[in-house]
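Visitor: Quick one: this structure, given as structure tokens, is what I'll be asking you about.
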Amino acid sequence: MATALSSHHAVYVGSFDPLTLGHVDIIRRGAAIFDRITVGIGINPDKHPLFTPDERLSLAQAVLAPLKNVEIKCFEGLTVEFVRQCGARVLLRGVRTLSDIETEFTMTLANRALDPEIDTLFLMASERFTHVSSTLIKQIAQLAAGSAKGKLNEFVPPEVIEPLLRKYKRADPAAV
Numbered sequence: 120m121a122t123a124l125s126s127h128h129a130v131y132v133g134s135f136d137p138l139t140l141g142h143v144d145i146i147r148r149g150a151a152i153f154d155r156i157t158v159g160i161g162i163n164p165d166k167h168p169l170f171t172p173d174e175r176l177s178l179a180q181a182v183l184a185p186l187k188n189v190e191i192k193c194f195e196g197l198t199v200e201f202v203r204q205c206g207a208r209v210l211l212r213g214v215r216t217l218s219d220i221e222t223e224f225t226m227t228l229a230n231r232a233l234d235p236e237i238d239t240l241f242l243m244a245s246e247r248f249t250h251v252s253s254t255l256i257k258q259i260a261q262l263a264a265g266s267a268k269g270k271l272n273e274f275v276p277p278e279v280i281e282p283l284l285r286k287y288k289r290a291d292p293a294a295v
């Protein structure tokens, strides 16, 4: 017997390598709309993330702990299968730019073909986060020195800064 999917429960997936303030903004806004949000940390064996799945899970749990209707899980495989396993009916996606919209549109059509019961809801990124990406943050952490490293707090939650800098062995307590 098939389990009914809940439209009051949304799933927000990504690599979250690292978790950014843009991600947190989408999660907070989603948590205000839905009764439950599951944050799915995708594990892709073909990619080489900066943080391990356990590290990403731990960081996300620390950052998102105040949001009582948010849970965080790691997953492998197809996103729509993960959404279904969570018992959700809604896939929450954040979009920043027109190129994001084009990419997400294509992915939504594929997901709909894979599982027509899963709907996708798009939230536009808040203006102050439209330029923020995990790739940009990694470049700043790896290449910046001095006060530029101190600006990471404009891109990532405070809990992420020191672990991020440690990955590049560029930690400078005075700058964070």
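Position in the sequence shown (first residue = 1) + 119 = our numbering.
We put the beta carbon where it would ideally sit given N, CA and C, even for glycine.
Nearest to H167 by CA position, among L271, V143, P137, P276, is which residue?
Guide: Closest by alpha carbon: P137.
Visitor: Is I156 helix, strand or coil when you go by DSSP?
Guide: DSSP places I156 in strand when its eight states are reduced to three.
Visitor: Using only CA atoms, which one of V130, R148, R285, A123 lies nearest to M243?
Guide: Of the listed residues, the one whose Cα sits closest to M243 is R148.
Visitor: Quick one: grab the DSSP three-state call for V209.
Guide: DSSP places V209 in strand when its eight states are reduced to three.
Visitor: Quick check on L178: buried or exposed, where buried means 16 or more other Cβ atoms within 10 Å of its Cβ?
Guide: That one is buried.
Visitor: Entirely within the region 130-185 and at least 4 residues each: give me those alpha helix (DSSP H) ranges in chain order.
Guide: DSSP runs (the alpha helix (DSSP H)) wholly in the region 130-185: 140-152, 172-183.
Visitor: Per the DSSP calculation, M243 is bridged to which residue(s)?
Guide: V214, per the DSSP bridge assignment.
Visitor: Specify the secondary structure class of E68 as computed by DSSP and reduced to three states.
Guide: Examination of residue 68 is not possible in this model, given that the chain is present from 120 through 295 alone.
Visitor: Compute the distance between the beta-carbons of V202 and G159, then report whether it is under 9 Å.
Guide: Against a cut-off of 9 Å, the Cβ pair of G159 and V202 comes out as a contact.
Visitor: Taking one C-beta from the region 181-188 and one from the region 217-235 each time, how about it: are there three or more such pairs within less than 8 Å?
Guide: Judged by Cβ distances under 8 Å, the region 181-188 makes no contact with the region 217-235, as fewer than three pairs qualify.
Visitor: Quick one: grab the DSSP three-state call for S253.
Guide: S253: helix per DSSP, three-state reduction.
Visitor: Does the Cβ of P277 have 16 or more other Cβ atoms within 10 Å, making it buried, or fewer, making it exposed?
Guide: Exposed, because fewer than 16 other Cβ atoms sit within 10 Å of the Cβ of P277.
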